[in-house]
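To start, the structure under review is shown below, and the notes come after it.
Number of protein chains: 2
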Amino acid sequence: MMKKENQAPTMKDVAREAGVALGTVSKVVNDLPVGESYRIRVEEAIRKLNYQVNTYAQSLKADKTYTVALLLPNTQNPYFASLAHHINMTLSRQKYRMLLCCTDFDPASEQEYINMAQRGKVDGIIGLTYNPNLVIEEGTPFVAIDRSMSPRFPCVASDNFAGGQLAAEKLADLGCKNVAFLRIGSSLNSETNKRRSGFENGCLSRGLSCEMKILNDGEPFSLFKEFLREHIRGGKFTFDGIFCVTDRLAWLIIKALGKLGIHVPEDVQVIGFDGIRYFGDEDYICSTIVQPVQEIAEMCVELLTRESLSTKPPLVCLPVTYACGGTTREHTASLKEDAETMEIP
Amino acid sequence: MMKKENQAPTMKDVAREAGVALGTVSKVVNDLPVGESYRIRVEEAIRKLNYQVNTYAQSLKADKTYTVALLLPNTQNPYFASLAHHINMTLSRQKYRMLLCCTDFDPASEQEYINMAQRGKVDGIIGLTYNPNLVIEEGTPFVAIDRSMSPRFPCVASDNFAGGQLAAEKLADLGCKNVAFLRIGSSLNSETNKRRSGFENGCLSRGLSCEMKILNDGEPFSLFKEFLREHIRGGKFTFDGIFCVTDRLAWLIIKALGKLGIHVPEDVQVIGFDGIRYFGDEDYICSTIVQPVQEIAEMCVELLTRESLSTKPPLVCLPVTYACGGTTREHTASLKEDAETMEIP
């Protein structure tokens, strides 16, 4: 067969020019370990022939695309935005590219992306979805974030139970006696349920009296306002601490409290959950249980790309931390502790 | 040639099964217009043969990958996060996938992504970069955001000059007389320079006295604090309005003012630039000139994907709007206007 003069050089041409096997060229091109002298010969041949690595053709040959799809509702929510960033950076360090697939909570769009990912033979999918009916083919490399899709696929999340417990312990340490737990969200969200259970547990062990107010998806926020108003008795707010299931809810509640003339943290201390910061990297928006976003990202990539793991854990919970964000009275509490110490010489 | 029994069906097999030309199958698979009866026959054949569309093989054939690379410093900054979201959604509506390429401001990483994109034959690149030395091959479909890379590539930005002017006009409308412009950032950032020029222009036309304080990259934030402190005379802050070049700077300045006992908006009104909201979609963090992120996203995709455009505009500026975010005195101003109107019957 005659080779046209103007035809682009192929990987085979490079192998012939370098006098090495085709697999050696593939290894060099894919940044896989290969003897240094071979690497030099292949790189010289690539330069000489002006061979352009075609990543997609490469994918077909090696049956690997070095591409991972990340399924997220959006990147406007700061928690999702931070996940996207850390997963992108982690994949990039391992020479993987990342297809961002924002779904805007649309189940059809989520399924379409899953199908696309399966068709397009990406090496795997990392997904955060609220869709329990998503169909993911058996054997698809899939890692879920925050919400387990099925025991067949590993899920990476914060230790939500410990986070709830930590919130209760912090409020107790900060002098609270009567606390509330506020939550909005669907019952499907099992990881979020753990925040409540952990908080209840912490309240019990620390002797805090705790009241729950849980709204289902679709119920109006005004029900929370009513709940708060009902707990003003004789001009005084009966709660001295509130744990909200997310920072966003904490922020909304603090705004509502302000309108009722209740001051945070003077009258009531508020802790949220997520660890959202102003502009992504400035102060925390409120006192909060911080999700370890970078560790979650790294664990997702690890579980997806390590083929050597014969059994993958169905659920990995990563440790959370507490951060003061100005809606709790750390300073006052420590002053009080000092004072108490001085009273008991 | 014998066809192995267990070999995956190809596009050719589908064409043979459906009794149509290969090009017709390609059109159906790529969602391009094709007669309805042909579409039905092809889809039936795809189902019958259990043909899996291989998007990458497809890309090679059609010389189109239906993939666009988005180059951003990160997705943690809410403005970048919002850009990523809207560009992703816009591309997805047009059946394009998006490779997210976070560079963390690293020039080497930016160049690597550009090279990767050229090698991997994505259909184009949309990039926001602060790197003036980036090498982009002539003819690469590239659209810049916010900062022009070269007249060879179109750039999409907010109308930054009009935004600066609008900020001055708003402060004038809100009763300010002595205002300041604060900025931090490199001189390379020509689009940001326009915010200053527009503001100066607005101050001139509205008779506002204006003082500038501009820090270069690397200069410490404490210089701003000093500047603010120097302008407290006889216990009174001499500025009644401040325009900050970004919402982030506005937020930092408001925090610094608070520590000096200067209240916003009572003592001084502050306007930022960007339109950043709490949690991406709640209240604005401060009064602000809002960038039209969705329109910027749509224009980038339009300029990248419309091959029919024979000449692409080097710079497209999209209109900004003003939003009150609680750091200006809209309510007081309108009351005052009412009062004035009543005084002159």
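Keeping their order, the protein sequence lines are chains A and B.
Counted from 1, the first sequence has number 275 at position 7 by the working numbering; the numbering is strictly sequential.
Counted from 1, the second sequence has number 351 at position 83 by the working numbering; the numbering is strictly sequential.
Even glycine gets a Cβ: it sits at the ideal position worked out from N, Cα and C.
- prompt: Three or more C-beta pairs closer than 8 Å, one from the region 535-549 of chain B and one from the region 439-451 of chain B: is that the case here?
  reply: yes
- request: Look at the alpha carbon of ILE564 (chain A) and the alpha carbon of ARG574 (chain A), and state the distance between them as a whole number of angstroms.
  value: If you number the first sequence from 1, residue 564 (chain A) lands on position 296. If you number the first sequence from 1, residue 574 (chain A) lands on position 306. Computed Cα separation, rounded: 15 Å.
task: Compare the C-alpha of GLU380 (chain A) against each of A:MET279, A:GLY486 and A:VAL403 and name the closest.
output: Residue 380 (chain A) sits at position 112 when you count from the first residue of the first sequence. Looking at the Cα atoms, A:VAL403 is the closest of the given residues.
ARG315 (chain A) versus ILE393 (chain B): straight-line alpha-carbon distance, rounded: Residue numbering aside, residue 315 (chain A) sits at position 47 when the first sequence is read from its first letter. Residue numbering aside, residue 393 (chain B) sits at position 125 when the second sequence is read from its first letter. Each residue's alpha carbon lies about 25 Å from the other.
query: Where GLU566 (chain A) and ILE355 (chain A) are concerned, what is the direct C-alpha to C-alpha distance, given to the nearest angstrom?
result: Stepping through the first sequence from its first residue, residue 566 (chain A) is reached at position 298. Stepping through the first sequence from its first residue, residue 355 (chain A) is reached at position 87. Approximately 7 Å, taken between the alpha carbons.
query: What beta strand (DSSP E) runs, 3 residues minimum, are completely inside the region 369-418 of chain B?
result: 392-395 and 410-413
- prompt: From which residue to which residue does the beta strand (DSSP E) around ARG451 (chain B) run?
  reply: The sequence position of residue 451 (chain B) within the second sequence is 183, counting from 1. Looking at the DSSP string, the run of the beta strand (DSSP E) that includes ARG451 (chain B) is 446-452.
query: Within this structure, are the beta carbons of SER477 (chain B) and ASN446 (chain B) separated by less than 7 Å?
result: In the second sequence, residue 477 (chain B) corresponds to position 209, counting from 1. In the second sequence, residue 446 (chain B) corresponds to position 178, counting from 1. Taking 7 Å as the Cβ cut-off, SER477 (chain B) and ASN446 (chain B) qualify as a contacting pair.
- request: Below 8 Å between beta carbons is the criterion; list the residues of the region 349-372 of chain A that meet it against any residue of chain B, in chain order.
  value: ALA349, SER350, ALA352, HIS353, ASN356, MET357, SER360, ARG365, MET366, LEU367, LEU368, CYS369, CYS370 and ASP372
message: Please state the DSSP three-state secondary structure of GLU550 (chain A).
response: Indexing the first sequence from 1 puts residue 550 (chain A) at position 282. Three-state result, GLU550 (chain A): coil.
query: What residue from B:THR596, B:ILE557, B:VAL588 and B:GLY548 has the CA that sits closest to GLN344 (chain B)'s CA?
result: Sequence index remark: in the second sequence, residue 344 (chain B) carries index 76 (1-based). It is B:GLY548.
field: Same chain, Cβ closer than 7 Å to VAL302 (chain A), five either side skipped, listed in chain order
entry: As a position in the first sequence, residue 302 (chain A) is number 34, starting the count at 1. Excluding sequence neighbours, VAL302 (chain A) sits near THR292, LYS295 and VAL296.
task: State the beta-bridge partners of MET366 (chain A) as determined by DSSP.
output: Residue numbering aside, residue 366 (chain A) sits at position 98 when the first sequence is read from its first letter. Paired residues: A:VAL336 and B:LEU368.
field: C-alpha distance - PRO341 (chain A) paired with THR397 (chain A), whole-angstrom precision
entry: Start at 1 with the first residue of the first sequence, and residue 341 (chain A) comes out as number 73. Start at 1 with the first residue of the first sequence, and residue 397 (chain A) comes out as number 129. For PRO341 (chain A) and THR397 (chain A), the distance between alpha carbons rounds to 7 Å.
message: By the three-class DSSP mapping on this structure, what secondary structure does LYS295 (chain A) have?
response: For the purposes of this step, residue 295 (chain A) is taken as residue 27 along the first sequence, with counting starting at 1. In the structure shown, LYS295 (chain A) sits in a helix (DSSP, three-state: H, G or I).
- request: Please confirm if ASN342 (chain A) has its CB atom under 7 Å from at least one CB of chain B.
  value: Position 74 of the first sequence, counted from the start, is the residue given in the question as residue 342 (chain A). It does: the Cβ of ASN342 (chain A) has a partner Cβ on chain B nearer than 7 Å.
message: For the ligand FMN, is there any heavy atom lying closer than 6 Å to the beta carbon of GLU570 (chain B)?
response: Within the structure as shown, the ligand FMN is missing, as the structure has no ligands at all.
query: Which runs of the alpha helix (DSSP H) spanning at least 4 residues fall entirely within the region 492-530 of chain B, listed in chain order?
result: 515-527
- request: Taking only beta-carbon positions, decide if GLY392 (chain A) is within less than 7 Å of chain B.
  value: By one-based count along the first sequence, residue 392 (chain A) stands at place 124. False, the Cβ-Cβ gap to chain B never drops below 7 Å.
Nonlocal neighbours in the same chain, by C-beta distance under 8 Å from SER350 (chain B), ignoring five residues either side: Walking along the second sequence from the start, residue 350 (chain B) turns up at place 82. Only GLY548 and VAL561 meet the Cβ criterion.
message: Distance cutoff 7 Å, beta carbons only. Does THR278 (chain B) sit that close to anything in chain A?
response: One-based indexing of the second sequence puts residue 278 (chain B) at position 10. Output row for THR278 (chain B): interface = no.
- request: Ignore the nearest five residues each way along the sequence and tell me which others in VAL588 (chain A)'s own chain have a CB closer than 7 Å to its CB.
  value: Stepping through the first sequence from its first residue, residue 588 (chain A) is reached at position 320. Correct list, in chain order: SER426, ASP427, ALA430, GLY431, LEU434, ILE557, VAL558, GLN559 and PRO560.
query: Touching or not, the region 491-498 of chain B and the region 455-474 of chain B, by the rule of three or more beta carbon pairs under 8 Å?
result: no
query: Which residues mark the beginning and the end of the alpha helix (DSSP H) in which GLU563 (chain A) is found?
result: In the first sequence, residue 563 (chain A) corresponds to position 295, counting from 1. Here the alpha helix (DSSP H) through GLU563 (chain A) covers 561-573.
task: Within 10 angstroms of the Cβ of MET480 (chain B), are there 16 or more other Cβ atoms? Answer buried if so, exposed if not.
output: Here residue 480 (chain B) refers to the residue found at position 212 when the second sequence is read from its first residue. Answer is exposed; the Cβ neighbour count stays below 16.
- request: Rank A:PHE449, A:GLU405 and A:LYS504 by C-alpha distance to the C-alpha of GLY529 (chain A) and give the top, closest one.
  value: Here residue 529 (chain A) corresponds to residue number 261 of the first sequence, with the count starting at 1. Comparing Cα positions, the closest option is A:LYS504.
query: For ASP441 (chain A), which residues in chain B fall below 8 Å Cβ to Cβ?
result: The residue given as residue 441 (chain A) occupies position 173 in the first sequence. Ordered by position in chain B, no residue passes the 8 Å Cβ test against ASP441 (chain A), which lies about 27 Å from the chain.
- prompt: In chain A, which residues lie less than 8 Å from ILE500 (chain B) when you measure between Cβ atoms?
  reply: As a first step, residue 500 (chain B) must be located in the second sequence, where it is residue number 232. Those do not exist, as ILE500 (chain B) stays about 24 Å from chain A at its closest Cβ, beyond 8 Å.
- request: Anything in chain B within Cβ reach of ASN345 (chain A), meaning under 7 Å, just list it in chain order.
  value: Within the first sequence, numbered from 1, the residue matching residue 345 (chain A) stands at position 77. Here the neighbours are PHE547 and GLY548.
task: Could you confirm whether any beta carbon from chain A is found closer than 7 Å to the beta carbon of GLN320 (chain B)?
output: Mapped onto the second sequence, residue 320 (chain B) falls at position 52. Closer than 7 Å to some Cβ of chain A, the Cβ of GLN320 (chain B) qualifies, so yes.
message: For GLU312 (chain A) and GLN386 (chain B), I'd like the C-alpha separation in whole angstroms.
response: The residue given as residue 312 (chain A) occupies position 44 in the first sequence. The residue given as residue 386 (chain B) occupies position 118 in the second sequence. Whole-angstrom Cα-Cα distance: 20 Å.
- prompt: At which residues does the beta strand (DSSP E) containing VAL538 (chain B) begin and terminate?
  reply: Numbered from 1 along the second sequence, position 270 holds the residue referred to as residue 538 (chain B). Looking at the DSSP string, the run of the beta strand (DSSP E) that includes VAL538 (chain B) is 537-542.
query: If you count every other CB in all the chains shown that lies within 10 Å of the CB of GLU378 (chain A), and 16 or more means buried, which is it?
result: Locating residue 378 (chain A) in the first sequence gives position 110, counting from the first residue. Buried is the call here.
field: Rounded C-alpha distance that separates ASP374 (chain B) from LEU290 (chain B)
entry: Your numbering for residue 374 (chain B) matches position 106 in the second sequence. Your numbering for residue 290 (chain B) matches position 22 in the second sequence. The alpha-carbon atoms of ASP374 (chain B) and LEU290 (chain B) are separated by roughly 45 Å.
query: Quick one: what does DSSP say GLU459 (chain A) is sitting in, helix, strand or coil?
result: Sequence index remark: in the first sequence, residue 459 (chain A) carries index 191 (1-based). Correct three-state label for GLU459 (chain A): helix.
Alpha-carbon spacing of THR595 (chain A) relative to LEU491 (chain A), whole angstroms: The residue you call residue 595 (chain A) lines up with position 327 of the first sequence. The residue you call residue 491 (chain A) lines up with position 223 of the first sequence. THR595 (chain A) and LEU491 (chain A): Cα-Cα distance of roughly 22 Å.
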